[in-house]
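**Q** One structure follows; several queries about it will come next.
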Amino acid sequence: MTPTVSAYIGLGSNLGDSAAVLRAAVDALAALPHSRLRRASRLYRTAAWGRTDQPDFLNAVAWLDTALPARELLAAMLGIEREAGRARRADGSDRWGPRTLDLDLLLYGEAVIAETGLQVPHPHLHERGFALAPLVEIAPQASIPGVGPAREALARIDLGGIEVLDEGEGG
């Protein structure tokens with residue numbers, strides 16, 4: 001059997017029926033080849049980050065055990081985004097704008113990857129409550145390479161404005 005790695009994927013949406021979009025994205029992640037969904041967090045409502053002139057986001061984190069290499073996992077995630085109607089601009093001008101679905105590879109085992117288009121751990125993970133709160137919910141033992149335990153990073157930031165919703169994939 002091929003060895004697997006724990007991968008944590010951040011999900012976000014603020015266009016359309018965001019709750020349904022995130023549920024469908026979790027299902028699509030669970031269906032990836034050579035992968036198994038371990039757990040998905042509840043949904044979190046968060047004010048937009050980076051550009052505040054847009055609707056609030058719903059966010060979640062999914063935990064996969066996967067044998068897919070990080071680059072292949074990222075390619076599959078981008079395919080799931082496209083299927084949900086996301087069109088990324090080549091110049092990155094839509095970076096913090098509204099979106100039907102945003103999937104970010106937050107952690108890939110203990111790997112530190114710094115390649116064009118692939119940064120793991122996610123470079124802002126330790127600063128973002130909307131990613132840390134659902135990550136710690138499903139994986140309190142998670143550690144961010146170069147930073148330390150995710151729960152300690154979460155304790156250092158302000159979680160004001162982040163609302164846990166009852167709805168979600170919980171686990």
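Following the UniProt record's numbering, the numbering of the sequence shown begins with 1 at its first residue and continues without gaps. A virtual CB, placed ideally from N, CA and C, is assigned to each residue, including glycine.
Is it buried or exposed, Thr100, if we count other Cβ atoms within 10 angstroms and call 16 or more buried?
**A** buried
**Q** So, with DSSP's three-state summary, where would you put Ile162?
**A** coil
**Q** Quick one, which of Tyr108, Arg36 and Leu58 has its alpha-carbon nearest residue 253's?
**A** Here the chain comprises residues numbered 1 to 171, so residue 253 is not present and cannot be evaluated.
**Q** Between which two residues does the beta strand (DSSP E) carrying Glu83 extend?
**A** Premise fails: Glu83 lies in the alpha helix (DSSP H), Ala70 to Glu83, not in any beta strand (DSSP E).
**Q** For a quick check, are the C-beta atoms of Ser41 and Asp65 less than 8 Å apart?
**A** No; because the gap between Cβ atoms is not below 8 Å, this pair is not in contact.
**Q** Starting from Gly129, trace the alpha helix (DSSP H) in both directions and tell me its first and last residue.
**A** Gly129 to Ile138
**Q** Quickly, what does DSSP pair Asp65 with across the bridge? List them, please.
**A** Ser6 and Arg36
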